[in-house]
Amino acid sequence: MALLNVASAIAIFLLASTYAFLSLLPSNTAKTLSVSPLTLSLLFFNNLNIFIAMCEIVLGLNILTIQQDYKRLHAKYSPGNHEWSACVKFLTMPIPLSQLCSGKHTWSKMWSTYSLYDPSYQNQESFGFFIDFGNGLSTIPPSILMNLAMVLDTSTYTDSDSWSSTVLSPLFVGCVGLAMYWQVMYGTIIYVLSFMFNRRYEGKSTLEVSLFVGISNSLWFFFPIAGIYSCVCILRDGNMNVFQ
């Protein structure tokens, strides 16, 4: 019997990854008791973005599998407007440990299911497909960089010739973070506009579209605003004090 389902696997990843980065805080820091809300919120978002980015890589590498599964799901759920049931079934789908890291057999189903609301995700010629595949390939390293900048005591890196002092310098972190947060926010804005312009919401209830399209994509709008703010402060102040 599978111990995990999709929803619990995602939750465990977010909790474990956030704890892993918090464990890098200096030993004299009272861990979460002294971590600012800005730091905690960006750690959560960055780790969520890392997870989704890995799924977006799965999207690009398994598009043919996604197209085939989408046709099956569309024939089963779309005639009666039961896309909601398909989403619930995916989130509660048991995951054997042997398939926990399987992009083809497990996580590709995220996209074939979401394609019931937006078929562009099973079309490799669409903007939605390429913006997400591109984000998947490009945003994992910057997300990790931002996490490290938030939890490590960068003031101890005083050797200007060292690798760590260069990569974790306020100038480098601020510029890379600013680019990443703007990239994902702008991509989300254009995607939502495309979704509305092409009237892909037709035939779906307001609640469904709000939950599976609106709220899910809004995370990549509001959290990047906080990220952009933090990066502007880093560049302005020349330090990471915004996370204290």
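Taking the working numbering, the leading residue of the sequence shown gets 1, the next gets one more, and so forth.
Backbone N, C-alpha and C fix where the C-beta goes; we use that ideal spot for every residue, glycine too.
**Validate contact between the stretch 172-182 and the stretch 232-242 using beta carbons, cut 8 Å, 3 pairs** = yes
**Request:** Write down the C-beta distance between valine 151 and leucine 22 rounded to the nearest angstrom, noting that I regard them as a contact closer than 8 Å.
**Result:** 6 Å
**Prompt:** Under a Cβ-count criterion, where at least 16 other Cβ atoms within 10 Å of its own Cβ denotes burial, should serine 98 be classed as buried or exposed?
**Reply:** exposed
**Item:** asparagine 5 in three-state terms, based on DSSP
**Value:** strand
**Request:** Can you tell me which of Val209, Met110, Ala226 puts its alpha carbon nearest to the alpha carbon of valine 184?
**Result:** Ala226
**Prompt:** Would you call threonine 106 buried or exposed, if buried means 16 or more other Cβ atoms sit within 10 Å of its Cβ?
**Reply:** buried
**asparagine 62 versus Ser36, Val192, His74, Gln122, residue with shortest Cα-Cα distance** = Gln122
**Asked** By a C-beta neighbour count over all protein chains shown, 10 Å radius and 16 as the cutoff for buried, is lysine 109 buried or exposed?
**Response** buried
**Segment limits, alpha helix (DSSP H) that includes glycine 128** = 127-138
**Prompt:** Can you name the start and end residues of the alpha helix (DSSP H) that tyrosine 186 belongs to?
**Reply:** 170-197
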